[in-house]
Amino acid sequence: MVSRADVNHSFSDAELDELCGFGTVESYKAGDLIIAEGAVAPDCIVTLSGHTDIFASTDEGRKRVGWMERGQFAGDLSVLTGQRHLSRVEMGADGEILRIAHSDFQRLIAGNSHYSDIFVRVLSARREFSNQRGFAVTIVIGAALDRSVYALRDLLAKHGVAHRWFDPADGPVPTHLLAERGVAEEQLPVVILGAADLLVQPTPEMLAAALGLDLLPDGATADVIVVGSGPGGLAAAVYAASEGLTVIALDAHAPGGQAGTSSKIENYLGFPTGISGNELARRATVQAQKFGARIAAPVRAASIAPDKDAYCLHLADGRKLRSRAVVVASGAQYQRLPIEGIEAYEGRGIYYGATPMEAQLCSDAEVAVVGSGNSAGQGAIYLASVARKVYVIFRRKSLRETMSEYLVKRLEEHPNIEIIASTDVVALHGEDSLDALTYRCRETGAEGHCECRFLFLFLGATPNTGWLPSEMVCDERGFVKTGTDIAPVELVRAGWSLDRMPTRYETSWPRIYAVGDVRKGSVKRVASSVGEGSVVVSDIHQALAEIIAVAV
């Protein structure tokens, strides 16, 4: 748990003198505005004398949520990331502040480990403190089983944006908030961003734009573009940026990938008590941004094509990005059950991850988990802590064929979990949302019925490679081939133009690499994806050096 002591820091006089070299000293009167609510790429504000007040617009009205005295600094992670700043900073008493412009602050963080450690630790703690205490200036109002509400909350949760959610049937608070803003119930869902903005029936992309989660301009360039921000993509972004390469990292949803939906990862080195996939992704995202990587999501890649000695990446919204090297880390997605009409229940009872957001929905309910991998096991154990009953359904004869032993034992010993082997879910029931399901034993043909309103799917993955060119060599299942997995004849057909052979993670197109779950032969583990993403950076350096040598 983050304490109040973790969310602040006071610089010494000597440190303040040094920090003044990165910004400008400004004088203000009490009540003067320093940073407006809704500002994008906010400056870092350090109080030198007097004090500064922090105000936020919450569901309880405008409140002073903090104040900064000499040597203390305002803001949260938006100061580092450039995202929209949803609080207002005013001068509380006559005095001076140090204003470090956002661009100068990023250079300070990337180049000075002492101040980087302090700022990143405190800013991260503030974000976590807001999430833990339920304090938020971002408010979502909409029905629990409205799939658009789920999509908005999922985006906020995966980006670590503290928010509060109200079902319109919950009582007077949402009714008051809607009436205050003149919003009718048929206009739901809505998102309230403090006093800065009101979004009526927004898409996730609209919400992301309003929060500043995607600040990439059309025509942006970088040494490396990373497509996909799961463990492999984030590792590539961290190592490439830390070694001086300019990096743009994208994701179609949010940083974390499939791993980000895991309630707990217990077999990742260095975390003996485990860590949630979302928390691991958040830490890696901040780490990459600390070194200067630009991360944007949700942003969807549409196609890629050669552009002289570089590549042009076309985005689904029409923007074009350019880089000399590309890391394909677009991962894989869980498969749907082969049941007609299943799409109607997605976000209305069917989910592809078990996080606190989903757990909030199915408290004291009966739920079913389909799958036999580690993600399914962790999800079932997590859900069993809040659900009345959890059915684990899978088609294999034994969980031990695909699941780690420690998870199997926990499932077998948990009083709220029932294991159903050699079984398929064959039918779903319900009108507006999922009400029940039917399953069938593969060995006997006997059918069973389960009054489950929530179904979590952790099935075999399909690679996200539909945006790649048809000339890029993939295997029969669509996973990208790299290195020695590419036959010489396949290289010829793909138009390989270099005298050397592809390096270990290089695809059939020079300087395009594939790491993590999207790559043929990958182990499908967080640790191995992180390893591939970090190691590939050395290959990128060598390939970029080849271009420079040819130019010279």
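According to numbering that gives the first Met the number 0, the sequence shown is numbered sequentially starting from 0. No residue lacks a Cβ here, since even glycine has one placed at the ideal position from N, Cα and C. Just so we're clear, the structure is a prediction, and the values are computed from it rather than from any experiment.
*Whose C-beta lies closer than 6 Å to the C-beta of residue 80 among residues of the same chain, with five residues either side of it excluded?*
Here residue 80 refers to the residue found at position 81 when the sequence shown is read from its first residue. Within the same chain, residue 80 has close Cβ partners 288.
_With distance defined between alpha-carbon atoms, name the residue in 315, 321, 290 nearest to residue 305._
Here residue 305 refers to the residue found at position 306 when the sequence shown is read from its first residue. Residue 305 has its Cα closest to that of 321, out of 315, 321, 290.
*Would you mind reading off the limits of the beta strand (DSSP E) that contains residue 522?*
Position 523 of the sequence shown, counting from 1, holds the residue named residue 522. That residue, residue 522, is in no beta strand (DSSP E); it is neither H nor E in DSSP.
*Residue burial classification, residue 105 (beta-carbon count within 10 angstroms, cutoff 16)*: Residue 105 sits at position 106 when you count from the first residue of the sequence shown. Note on residue 105: 16 or more other CB atoms within 10 angstroms of its CB, so buried under the neighbour-count rule.
*Mind checking whether residue 85 and residue 45 have CB atoms under 8 Å apart?*
As a working mapping, residue 85 is identified with position 86 in the sequence shown. As a working mapping, residue 45 is identified with position 46 in the sequence shown. Residue 45 sits away from residue 85, with the two beta carbons spaced by 8 Å or more.
*Opposing strand residues paired with residue 446 [DSSP bridges]*: Counting from 1 along the sequence shown, the entry for residue 446 is found at position 447. DSSP lists 439 as partners of residue 446.
*Thinking residue 125 and residue 6 are a contact (beta carbons under 8 Å), I'd like their distance in whole angstroms, please.*
Along the sequence shown, read from residue 1 onward, the residue named residue 125 stands at position 126. Along the sequence shown, read from residue 1 onward, the residue named residue 6 stands at position 7. Distance from residue 125 to residue 6 at the Cβ level is roughly 5 Å; contact confirmed, criterion being Cβ atoms closer than 8 Å.
*asked:* Going by C-alpha to C-alpha distance, which of 428, 447, 193 sits closest to residue 342?
replied: Numbered from 1 along the sequence shown, position 343 holds the residue referred to as residue 342. If you compare the alpha carbons of 428, 447, 193 with that of residue 342, the shortest gap goes to 428.
*Buried versus exposed, by CB contacts within 10 Å (16 or more), residue 127*: As a working note, residue 127 is residue 128 in the sequence shown. With 16 or more other Cβ atoms from the protein chains shown falling within 10 Å of its own Cβ, residue 127 counts as buried.
*If you draw a straight line from the alpha carbon of residue 395 to that of residue 351, how long is it in whole angstroms?*
Counting from one through the sequence shown, the residue named residue 395 turns up at place 396. Counting from one through the sequence shown, the residue named residue 351 turns up at place 352. Whole-angstrom Cα-Cα distance: 20 Å.
*Going by C-alpha distance, which of 374, 382, 377, 291 is nearest residue 360?*
Walking along the sequence shown from the start, residue 360 turns up at place 361. Looking only at 374, 382, 377, 291, the smallest Cα-Cα distance to residue 360 is reached by 382.
*asked:* Can you check which of these residues, 244, 209, 208, 212, is closest to residue 223 by C-alpha distance?
replied: Numbered from its first residue, the sequence shown carries residue 223 at position 224. It is 244.
*asked:* For a quick check, are the C-beta atoms of residue 344 and residue 432 less than 8 Å apart?
replied: Numbered from 1 along the sequence shown, position 345 holds the residue referred to as residue 344. Numbered from 1 along the sequence shown, position 433 holds the residue referred to as residue 432. Yes, the pair counts as a contact, with Cβ atoms nearer than the cut-off.
*Sorted by chain position, which residues of the same chain lie with C-beta nearer than 6 Å to residue 456's C-beta, five sequence neighbours on each side aside?*
As a working mapping, residue 456 is identified with position 457 in the sequence shown. Excluding residues up to 5 positions away in sequence, 333, 351, 369 lie with their Cβ nearer than 6 Å to the Cβ of residue 456 in the same chain.
*Segment limits, alpha helix (DSSP H) that includes residue 215*: To locate residue 215, count along the sequence shown from 1; it is residue 216. Segment: none, residue 215 is in no alpha helix (DSSP H) and carries neither H nor E.
*Return helix, strand or coil for residue 335, following the three-state DSSP convention.*
If you number the sequence shown from 1, residue 335 lands on position 336. Residue state, collapsed to three classes: coil.
*How is residue 8 classed by DSSP in three states: helix, strand or coil?*
Reading the sequence shown from its first residue, position 9 is the one you call residue 8. Coil, per DSSP.
*asked:* Considering only DSSP beta bridges, list what residue 14 is partnered with.
replied: On the sequence shown, position 15 is the one that residue 14 refers to. None; residue 14 has no bridge partner.
*Inspect the CB distances between the region 439-456 and the region 159-167 and report whether three or more fall short of 8 Å.*
Per the Cβ contact rule, the region 439-456 is not in contact with the region 159-167 (fewer than 3 Cβ pairs under 8 Å).
*Applying the criterion that 16 or more other CB atoms from any shown protein chain within 10 Å of the CB defines a buried residue, is residue 39 buried or exposed?*
By one-based count along the sequence shown, residue 39 stands at place 40. Of the other Cβ atoms in all chains shown, fewer than 16 fall within 10 Å of the Cβ of residue 39; this residue is therefore exposed.
*Which residue comes first and which comes last in the beta strand (DSSP E) that contains residue 502?*
For the purposes of this step, residue 502 is taken as residue 503 along the sequence shown, with counting starting at 1. Following the DSSP letters along the chain, one finds residue 502 in no beta strand (DSSP E), marked with neither H nor E.
_Inter-stretch contact (C-beta, 8 Å, three-pair minimum) for the region 25-42 and the region 154-161_ = These segments do not touch.
*Buried versus exposed, by CB contacts within 10 Å (16 or more), residue 376*: Residue mapping note: residue 376 aligns to position 377 of the sequence shown, counting from 1. By the beta-carbon neighbour count (other beta carbons within 10 angstroms, threshold 16), residue 376 is buried.
*asked:* I need the straight-line Cα distance from residue 70 to residue 284, nearest angstrom please.
replied: By one-based count along the sequence shown, residue 70 stands at place 71. By one-based count along the sequence shown, residue 284 stands at place 285. If you take the alpha carbons of residue 70 and residue 284, they lie about 27 Å apart.
*Output yes or no for whether 8 Å exceeds the beta carbon distance between residue 76 and residue 122.*
Here residue 76 is taken as the residue at index 77 of the sequence shown, counted from 1. Here residue 122 is taken as the residue at index 123 of the sequence shown, counted from 1. Cβ distance < 8 Å, so residue 76 and residue 122 count as in contact.
*Going by beta carbon distance, what residues of the same chain come within less than 6 Å of residue 441, once the five residues before and after it are set aside?*
By 1-based counting over the sequence shown, the position of residue 441 is 442. For residue 441, same chain residues with a beta-carbon under 6 Å away, outside a window of 5 residues either side, are 421 in chain order.
_Neighbourhood of residue 557 by C-beta distance below 6 Å, restricted to the same chain and skipping five residues each side_ = In the structure as shown, the chain starts at 0 and stops at 551, and residue 557 therefore has no counterpart that could be examined.
_Which residues does DSSP list as the beta-bridge partners of residue 98?_
Here residue 98 corresponds to residue number 99 of the sequence shown, with the count starting at 1. Answer is 23, 44, bridged to residue 98.
*Where residue 264 and residue 273 are concerned, what is the direct C-alpha to C-alpha distance, given to the nearest angstrom?*
Taking the first residue of the sequence shown as 1, we reach residue 264 at position 265. Taking the first residue of the sequence shown as 1, we reach residue 273 at position 274. Approximately 5 Å, taken between the alpha carbons.
*asked:* Using only the alpha-carbon positions, how far apart do residue 48 and residue 348 sit?
replied: Position 49 of the sequence shown, counted from the start, is the residue given in the question as residue 48. Position 349 of the sequence shown, counted from the start, is the residue given in the question as residue 348. Using only the alpha carbons, I get a separation of about 54 Å.
*Hey, how far is the Cα of residue 373 from the Cα of residue 402?*
Numbered from its first residue, the sequence shown carries residue 373 at position 374. Numbered from its first residue, the sequence shown carries residue 402 at position 403. It is roughly 5 Å from the alpha-carbon of residue 373 to the alpha-carbon of residue 402.
*asked:* Does residue 500 pass the burial test, meaning 16 or more other C-beta atoms within 10 Å, or should it be called exposed?
replied: The residue you call residue 500 lines up with position 501 of the sequence shown. Result: exposed.
*Among 207, 423, 234, 10, which one has its Cα closest to the Cα of residue 527?*
To locate residue 527, count along the sequence shown from 1; it is residue 528. Cα-wise, what sits closest to residue 527 is 234.
*Uninterrupted beta strand (DSSP E) stretches inside the region 34-81 (no shorter than 3 residues)*: As far as the region 34-81 is concerned, its whole beta strand (DSSP E) runs of at least 3 residues are 43-46, 50-57, 60-67.
_Where residue 175 sits in the DSSP three-state scheme_ = The sequence position of residue 175 within the sequence shown is 176, counting from 1. In this structure, residue 175 counts as helix in the three-state DSSP scheme.
_For residue 517 and residue 328, which I take to be in contact (beta-carbon distance under 8 Å), what is that distance rounded to the nearest angstrom?_
Translated into positions along the sequence shown, residue 517 becomes position 518. Translated into positions along the sequence shown, residue 328 becomes position 329. Indeed they touch by this definition, with Cβ atoms about 7 Å apart.
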